[in-house]
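K.L.:
Mind looking over this structure? Questions follow.
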Amino acid sequence: MENRQVLLAQRPAGWVRESDFRIAPAPVPEPADGEVLVRSRYLSLDPYMRMRMSDEPSYAPKVALGEVMVGGAVGEVLQSRSSAFKPGDCVTGPLGWQLYGALPAQRLRLIESPIAPLSAYLGVLGMPAITAWVGLDLMGPIVPGQTVVVSAASGAVGSVAGQIARMRGARAVGIAGGQQKCEHVISDLGFDACVDYKDSHLAAHLGAAVPSGIDIDFENVGGPIFDTVLAALNPFSRIALCGQVSQYNQTEPYAMRNLRSLLVNRVQLRGFIVSDHVQLWPQALAELSTWFVAGKLRYRETVAHGLDSAPGAFIAMLRGDKIGKQVVKLDDD
Ligand SMILES: NC(=O)c1ccc[n+]([C@@H]2O[C@H](COP(=O)([O-])OP(=O)(O)OC[C@H]3O[C@@H](n4cnc5c(N)ncnc54)[C@H](OP(=O)(O)O)[C@@H]3O)[C@@H](O)[C@H]2O)c1
């Protein structure tokens, strides 16, 4: 058994490049007392990783130069020095961009009797879906018929946020990049409408898609799209500020123009980080699993193959060159 790792070679300036990473062999770690050795089967690629590559202060520590990139993965227990797990168990946790990882047992979650392929535990039954659930939960009740707008609607978080909004009785309107993604958001995910932000006249198209204005904005992208959404908010509307992916590779932040809308519409804006709400995870996972089993929660994945493909797939994910949840299959490594 030989381990391989993707390390942070240098901090990106602006857009991430493959040369910001280095792939190196490493020994398979020896689990210490209370730890569990896991062979990862799928690695999750998520926008937050871009923030961890940067020097800027954030809610979580940055990855040190030469360190393994942070990341969630799902895999199989090979060796356990904890009574909580046994060899053969399927688990998920922050195992990093590598083939084998050893973690304290309390940092791993057991996947008991899987109800979906393992990769789904990184997306529609994992952290991104929980993020969608928590973000909407923090907004309080949705009155049936209210309009919820979701940006990055075809992505891992957005795809679930819109489906939950609909199940809570709202009208879900997505924003996504390109006609193909918009068709997927409407036809496969069941949103009521979807606006292609790459088409010009975003404000006009968004206005037509939300004739009664916006009651809740589930904000994933920030920048000019968020600015356009602000102008269409209703009085006493709410914003779940989940992410700002359009800004993560920018050296200069976009200067917002429509902040006045927050005041005149008495808007409630709440930034949140899903890991601050671990007490809600069991409830979120229970409801997501029930919907999943009932066939009410749809999902799509883009799968890259092999650890070496992770840097390229990560950059493609940030650029929007994928649909649904981006994972890397590590089985064949
Ligand atoms: N607060 C939390 O705890 C938490 C947890 C998880 C994720 N998040 C945030 O949630 C957001 C979505 O994450 P995800 O995992 O679901 O990623 P994702 O949506 O699956 O992938 C990112 C997508 O963002 C869109 N995008 C990229 N650059 C853009 C730009 N300049 N303008 C508009 N759209 C752009 C692209 O889709 P298009 O092709 O549609 O442009 C891209 O595929 C991110 O901001 C992430 O940081 C927050």
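The sequence shown begins at 14 in our numbering and counts up one residue at a time. All residues carry an ideal CB built from backbone N, CA and C; glycine is no exception. All values derive from a computational prediction rather than experimental measurement.
1) On the DSSP letters alone, give me the boundaries of the alpha helix (DSSP H) that G171 sits inside.
2) Any idea what DSSP makes of L202, helix, strand or coil?
3) Is M140 near ligand 1, in the sense that its beta carbon is under 7 Å from a heavy atom of that ligand?
4) Are there any heavy atoms of ligand 1 lying less than 7 Å away from the beta-carbon of D201, as far as the coordinates show?
5) If you reduce the DSSP assignment to three classes, tell me which class F98 lands in.
6) Could you give the first and the last residue of the continuous alpha helix (DSSP H) run that contains T303?
7) Please report how far the alpha carbon of V29 lies from the alpha carbon of Q18, in whole angstroms.
8) In whole angstroms, give me the CA-to-CA distance for D150 and K309.
9) Given this structure, state the Cα-to-Cα distance separating G220 from T241, to the nearest angstrom.
10) What do you get for I128, buried or exposed, if any count of 16 or more other CB atoms within 10 angstroms of its CB means buried?
11) Does the separation of the CB atoms of D46 and R120 fall below 8 Å?
12) Over what stretch of residues does the beta strand (DSSP E) that includes G109 continue unbroken?
13) Given I227, which residues of its chain have a CB within under 7 Å of its CB, disregarding the five upstream and five downstream residues?
14) Whole angstroms is fine: what's the gap from A165's alpha carbon to P74's?
15) Express the C-alpha separation of A183 and E196 in angstroms, rounding to a whole number.
16) Within 7 Å: the Cβ of P157 and any heavy atom of ligand 1?
17) Taking contact to mean at least 3 C-beta pairs separated by less than 8 Å, is the segment 55 to 70 in contact with the segment 334 to 345?
18) Could you name the residues of the same chain whose beta carbon sits closer than 7 Å to that of M269, not counting the 5 residues immediately before and after it, in chain order?
19) Given that a residue counts as buried once 16 or more other Cβ atoms are within 10 Å of its Cβ, and exposed if not, what is A77?
20) Check whether the Cβ atoms of G106 and E89 sit closer than 8 Å, and answer yes or no.
21) Does the Cβ of F231 lie closer than 7 Å to at least one heavy atom of ligand 1?
22) Please confirm if the segment 297 to 315 is in contact with the segment 136 to 153, defined as three or more CB-CB distances below 8 Å between the two stretches.
23) P44 to L108, Cα distance in whole Å?
P.N.:
In this structure, then:
1) Per DSSP, G171 belongs to the alpha helix (DSSP H) from 169 to 180.
2) If DSSP states are grouped into helix, strand and coil, L202 belongs with coil.
3) Yes, ligand 1 has a heavy atom inside 7 Å of this Cβ.
4) Taking the Cβ of D201 as the reference point, every heavy atom of ligand 1 lies at 7 Å or farther away.
5) In the structure shown, F98 adopts coil according to DSSP, grouped into three states.
6) Per DSSP, the continuous alpha helix (DSSP H) segment holding T303 begins and ends at 294 to 306.
7) When rounded, the distance between both Cα atoms is 18 Å.
8) Approximately 18 Å, taken between the alpha carbons.
9) Counting only the Cα atoms, T241 lies some 10 Å from G220.
10) Result: exposed.
11) Their beta carbons are not under 8 Å apart, which means D46 does not touch R120 by this criterion.
12) It is not in any beta strand (DSSP E) - G109 carries neither H nor E in the DSSP assignment.
13) When the five nearest sequence neighbours on each side are left out, the beta carbons in the same chain lying within less than 7 Å of the beta carbon of I227 are those of T160, V162, V242, A245, L246, N247, S250, in order along the chain.
14) So the alpha carbons of these two residues sit roughly 25 Å apart.
15) So the two alpha carbons sit approximately 19 Å from each other.
16) For P157, the distance from the CB to the nearest heavy atom of ligand 1 is not below 7 Å.
17) Taking a cut-off of 8 Å for Cβ pairs, the segment 55 to 70 and the segment 334 to 345 touch, as three or more such pairs fall below it.
18) In its chain, beyond the 5 residues on either side, D240 have a beta carbon closer than 7 Å to the beta carbon of M269.
19) By the neighbour-count definition (other C-beta atoms within 10 Å, threshold 16), A77 is an exposed residue.
20) E89 is positioned such that its CB atom lies no closer than 8 Å to that of G106.
21) Not under cutoff, so the answer is no.
22) Judged by Cβ distances under 8 Å, the segment 297 to 315 makes contact with the segment 136 to 153, as three or more pairs qualify.
23) Inter-residue distance for P44 and L108 is about 13 Å (C-alpha atoms, whole angstroms).
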